[in-house]
């Protein structure tokens, strides 16, 4: 999508053979890019959330493995690099998925050919992600179009965290239908949950919607339920970091609360996701291990001072501990539908089986 | 309650005849007091949230009227002062309640006697609030005691915003039962919602629980639902800014989301409140006008930098608007019970009628 009129992806190989990414840890106040030259660069970028979002993490890990093989294309280093990348973010299933796909490709060829094969495969994963997001957008667009026809006015869509193009390579998952609706002339307005503790909504979703010209309003995570009670939310679309075979949605912490409010107010609640986030081996989302991150993300907030400096301030007394669990699981019963690259289905085993008969058979 | 071993109230008259309050806008990082000498001082303190919390707003307004009468004890100024104080915070019913009580007292006496009558009456309102909170604590303590007996271990209590002694004169409403349980040797631990956008949980609840030595952990507002899913919350206690005659609870925005999660996970959800927050004239909480505050509270966060300076940082892109509605309404159907100074009752018209037969008759 565009920033100040210039089309961007979140990650791309340069002519010089390095992998360039947008440094999302500095958004929305500084737009800079970072060059990844080694396995360590890639692992560090994932771990420190220079890149974030399940699909982009997968693509970055794929390129990270290619960078690792350029350092050393042996079987042993392939194993070590895979493990190092896998350890960066334990929850995102895309990471394991992309690494498995990369390994199965490069393991088939001789070490001397692995680097070329790895960069080629990472490029294919990257392009496939763009196409998947575009398809998610097209499928979700139809839901928004129907809402606009019945509502007869502006469609108000609430989203949580950032599942936009910054979380992917382009388009995004949850935001792809919104971009397409906006581009199609449907009047949409987005309620952007700020998404504490890391503020990905306030920082990233607001930034990218603003960059593309989509009307939006930032709200505290606490407000969404009240807006639904007032009838000011027509639908909710969120992303998914991991979706179980029965339709449970593991996404940024707080998603579950919005799903409860949507159900209580008859607001349709959708999760938008590519196949790579589906964990076919898992039925019950309660079994998902939830990533615990540093309490500093709760006790401190980063932003820009009035003099233009990026500063971190403490908002909790020194003596008070904090707990920072990054995700929660929304049970399938609260999910109106899953928007995937193959279509929209109920959040059920049968629903997913209908869209992905090939994957179900593989189990 | 105590701060660093010294007992405090949130508001008290000094020997010099001024009203001294704790400046809560500087907590948790600076503990200072502020002297209110005029009507304008009192109105400003309420409006800028130097004092906040429904009961404390009422008491401050009462003293504010006394200060106003010391400037000018005429009927006209009594009217003007009442209106000025009433306009500071439109949602809190305590404000209107305290002002009405003050007016009915001072209107009965000659202007020359009004100042003494007003300070005396404000003092009575102040002391009555302490007694009410103490009674709420005693009544709520029994619920915690039963939970401790059945749970057989630490009782985990989630609270939202600040309904502690800093919101009142002493003890607090939602936190009074927790202080009493802690003092009685019952092992309690409090999950403190940070409570965006103003962070009263992170700033005030954590500060006062820490000051009294009650174990607690600060969490993002997004996390409470997940903790309930994991069985790590035994009960929720919140305050109430306004309670309808049928038991709907208007409280800090986000309360409704926690009530939904509590219901979904069979966690008991209580609101603790004194009679002054009950709006006997209102049945349906959806009719309550919700205060809209400055979007700057959403777009900016105040805290302390590593060099010890209190700094405000912007967390939302310059071009993005924000909406800041301060309260929401939790429907009575989601409330397990109301903890009042007269006992615990179901959140129903009959429940409240049982505890307050005298007030129901007055209607």
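Protein chains in written order, with this note's numbering: chain A, 16 to 378; chain B, 16 to 378. Glycine included, each C-beta is placed from N, C-alpha and C at the ideal position. Small disclaimer: the values here were computed from a predicted structure and weren't measured.
Cβ distance (whole Å) where residue i is taken to contact residue j below 8 Å
i	j	result
residue 49 of chain B	residue 38 of chain B	5 Å
residue 246 of chain A	residue 353 of chain A	Actually they do not touch by this definition, with Cβ atoms about 25 Å apart.
residue 340 of chain B	residue 305 of chain B	5 Å
residue 16 of chain A	residue 185 of chain A	6 Å
residue 276 of chain B	residue 243 of chain B	5 Å
residue 293 of chain A	residue 344 of chain A	That pair is no contact at about 14 Å.
residue 191 of chain B	residue 152 of chain B	3 Å
residue 26 of chain A	residue 66 of chain A	7 Å
residue 188 of chain A	residue 240 of chain A	The Cβ separation is near 23 Å, so there is no contact.
Whole-angstrom distance between residue j and residue i, CA atom to CA atom
i	j	result
residue 282 of chain B	residue 221 of chain B	22 Å
residue 204 of chain B	residue 238 of chain B	16 Å
residue 290 of chain A	residue 272 of chain B	30 Å
residue 140 of chain A	residue 74 of chain A	6 Å
residue 161 of chain B	residue 173 of chain B	17 Å
residue 235 of chain A	residue 286 of chain B	22 Å
residue 213 of chain A	residue 312 of chain A	6 Å
residue 72 of chain B	residue 301 of chain A	43 Å
residue 336 of chain A	residue 171 of chain B	15 Å
residue 167 of chain B	residue 144 of chain B	33 Å
residue 342 of chain B	residue 58 of chain B	21 Å
residue 80 of chain B	residue 123 of chain B	15 Å
residue 28 of chain B	residue 53 of chain B	13 Å
residue 86 of chain B	residue 227 of chain B	39 Å
residue 34 of chain B	residue 370 of chain B	34 Å
residue 148 of chain B	residue 318 of chain B	30 Å
residue 68 of chain B	residue 366 of chain A	49 Å
residue 288 of chain A	residue 175 of chain A	14 Å
residue 198 of chain B	residue 356 of chain A	57 Å
residue 78 of chain A	residue 194 of chain B	55 Å
residue 218 of chain B	residue 331 of chain A	6 Å
residue 137 of chain A	residue 120 of chain A	10 Å
residue 323 of chain A	residue 309 of chain B	22 Å
residue 180 of chain B	residue 70 of chain B	10 Å
Burial state of residue i (16 or more Cβ within 10 Å)
i	result
residue 61 of chain A	buried
residue 267 of chain A	buried
residue 209 of chain A	buried
residue 333 of chain A	exposed
residue 256 of chain B	buried
residue 90 of chain B	exposed
residue 116 of chain A	buried
residue 63 of chain A	exposed
residue 94 of chain B	exposed
residue 20 of chain B	exposed
Sequence-distant residues of its chain with Cβ nearer than 6 Å to residue i (five each side left out)
i	result
residue 76 of chain B	100, 110, 113, 114
residue 359 of chain B	154, 352
residue 278 of chain A	349
residue 362 of chain B	262, 347, 350, 353
residue 207 of chain B	216, 220, 221, 231, 233
residue 103 of chain B	58, 61, 62
Sequence-distant residues of its chain with Cβ nearer than 7 Å to residue i (five each side left out)
i	result
residue 378 of chain A	Confidence is the limiting factor: at residue 378 of chain A the pLDDT is only 47, short of 50, which leaves the residue's position unreliable, though a coordinate-based value still follows. So the list reads 295, once near-sequence residues are dropped.
residue 329 of chain A	314, 315
residue 201 of chain B	159, 160, 163, 170
residue 97 of chain A	80, 114, 118
residue 129 of chain A	84, 88, 121
CB contact below 8 Å: residue i versus chain E
i	result
residue 335 of chain B	Chain labels in this structure do not include chain E; the protein chains are A and B.
Cβ shell of residue i (< 8 Å), same chain only, five flanking positions each side left out
i	result
residue 364 of chain B	260, 261, 262, 298
residue 41 of chain B	47, 325
residue 106 of chain B	256, 257, 265, 303, 304, 305, 306, 341, 342
residue 82 of chain B	34, 51, 52, 53, 54, 56, 57
residue 134 of chain B	28, 78, 81
- Length at least 4, wholly inside the stretch 220-260 of chain A: the alpha helix (DSSP H) runs in chain order: 221-227, 239-244
- Within the stretch 85-152 of chain B, note down every full beta strand (DSSP E) run reaching 3 residues or more, in order along the chain. none
- Whole beta strand (DSSP E) runs in the stretch 300-329 of chain A with 3 or more residues, listed along the chain? 315-319, 325-329
- What residue ranges within the stretch 150-194 of chain A form continuous beta strand (DSSP E) runs of no fewer than 3 residues, ordered along the chain? 170-174
- Message: Please give me, in chain order, every unbroken run of the beta strand (DSSP E) with length at least 3 that falls completely inside the stretch 339-363 of chain B.
- Response: For the stretch 339-363 of chain B, whole beta strand (DSSP E) runs of length 3 or above, ordered along the chain, are 342-345, 352-355, 358-360.
- Task: Can you check the stretch 23-77 of chain A for any beta strand (DSSP E) of at least 3 residues that lies completely inside it and give the ranges in chain order?
- Result: Listed in chain order, they are 26-28, 34-37, 48-51.
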